[in-house]
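Note sheet for the following structure.
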Amino acid sequence: MSNPVYQHDETSPATCHQQWHEGKPVLLTKRKTTSSIQGTMSVLFAIGSNGSGQLGLAHKEDVSVPKQVLFHPDQPSSPITRIAAGGNHTLLLTGDGHLYWSGDPTPGACGLTVEATATEPVFQPVRLSKDGPSTGVRDVALVTATWEASFVARRDADGKVTQLWSFGSGAKGELGQGELLVRSPSGTLFKEFPPAGTEIVDLAACMGHVVAVLSNGDAYGWGNGRKGQTGNPEGVLHQPRRIEGLDFKVTRAVCGREFTCLFGDNETGRLAVLGSDKWNTRSSAPSSVLGWKDVGASWGGIYVLKQDGTLLCWGRDDHGQLAPPNLPKLARVAIGSEHVVAMSEEGDVLAWGWGEHGNCGPQVENNDVKGRWNVIASSRFIPPGSQITGIGAGCATSWVDITTG
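Its first residue numbered 1, the sequence shown is counted upward by one per residue in UniProt numbering.
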């Protein structure tokens, strides 16, 4: 799993209701289940692994054709801007800082749940404390997840991202709150982190480790660092530790299963890969990646979307995870556990890689989409005035957001 990524264009108009069947779009009647703000509406669709209800579709069956995500008790009033996914849960962050969950709440990674609604596989507000508002946590700026834990960076009273919370389960330091805390469904605030005078500017995670990037260019890691993915010396870290030995300021971090890739600014193109080299993630890394637009990681690969629309990637490719030949120019990418979702400059949403759970669409060979891609959604088949404004990818899950004004 890369930390599941969501790419959203907040300047675009917002949504129509549409459903795709075997690659052929079927328009739906508009319903009152869209988010709406300033005269626009937005709706999120999902495909892929759903055995724990992590797609929020009101059932627990895998789907390979995009279906509309559902919310309880109310639809968000702002579009989704970020998606984070653990092994069996999903978190949705809205533009106005609200957070929603769906999936398996058992490890505590969905926060405090209400018993009457916890078994309903639809998205509900995340609550970090019993005395918190029923509408859930607010002022959230960043979110990420390990396999069974979640992490939320919130804005303080001054609007700065200085509050980091963790909740869920982790026996190898994943929660970052010391050796004694291994499970908690209520949110626990990190003490004295980030350091005074700094903010959190990026937050990434994978199966069992987390990395936070700060406004001063430092990066901190915690969790399972036995392969060196949280820096040296190797080992399990129960609290954030600064990653030493870097000669550049970090602006972004991406996490694979046993590695971390840190990026400097896109003008210098500096990068550093820490951890395992099992899939040649370190040995195949370029010396620099000038002009990058976005970055991501799967469980075993690293992906760099360049400003010219090309995709540079290296690492694991046994299921076709790396870029297939003759890709069109891309506007956005979202990297899942072992698959990629990308949006072409022409407005097609493409998917390739390991598609066992339907996350790459219905057309697969031996559960793979290898050496080619599927088109799982297209701007050419939505009503006038509508636009695909976001894509996402998680643990064998894929997401498409459509908006209309």
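Note that beta-carbon positions come from the ideal geometry of N, C-alpha and C, so glycine has one too.
Opening and closing residue of the beta strand (DSSP E) in which M41 lies
40 to 48
If you draw a straight line from the C-alpha of P79 to the C-alpha of V43, how long is it?
8 Å
Straight-line gap, N88 to A58 (C-alpha atoms, nearest Å):
15 Å
Starting from H72 and walking both ways along the beta strand (DSSP E), at which residues does that stretch end?
Note, H72: premise wrong, no beta strand (DSSP E); not H, not E.
Which of helix, strand or coil DSSP assigns to G225
strand
Can you say whether S184 is buried or exposed, counting buried as having 16 or more other CB atoms within 10 angstroms of its CB?
buried
Am I right that V140 and G86 are in contact with their C-beta atoms under 8 Å? What's the rounded C-beta distance?
Contact doesn't hold; Cβ gap of about 16 Å is too wide.
With a CB to CB cut of under 6 Å and the five nearest residues on each side skipped, what residues in its chain are close to P328?
S344
Can the beta-carbon of G315 be found closer than 9 Å to that of G256?
yes
Buried or exposed: where does S77 fall if 16 or more other Cβ atoms within 10 Å of its Cβ makes it buried?
exposed
Can you say whether G245 is buried or exposed, counting buried as having 16 or more other CB atoms within 10 angstroms of its CB?
exposed
Alpha carbon to alpha carbon, how far is A196 from S215?
11 Å
Can you look up R380 in the DSSP assignment and give me helix, strand or coil?
helix
I'd like the list of long-range same chain contacts for V289, defined as Cβ closer than 7 Å, with 5 residues on each side in sequence excluded.
G269, L271, V304, L312
Alpha carbons only, please: which of S129, V210, Y100 is nearest the one belonging to A145?
V210
Proximity below 9 Å, CB of G394 to CB of G48
yes
Contact between the stretch 231 to 243 and the stretch 283 to 297 is defined here as three or more beta-carbon pairs at a separation below 8 Å; is this criterion met?
no
Please tell me whether I200 and G221 are closer than 9 Å, where the distance is taken between their beta carbons.
no
Which whole-angstrom value describes the C-beta separation of F123 and W147, a residue pair presumed to lie in contact below a C-beta threshold of 8 Å?
20 Å between Cβ atoms; not a contact.
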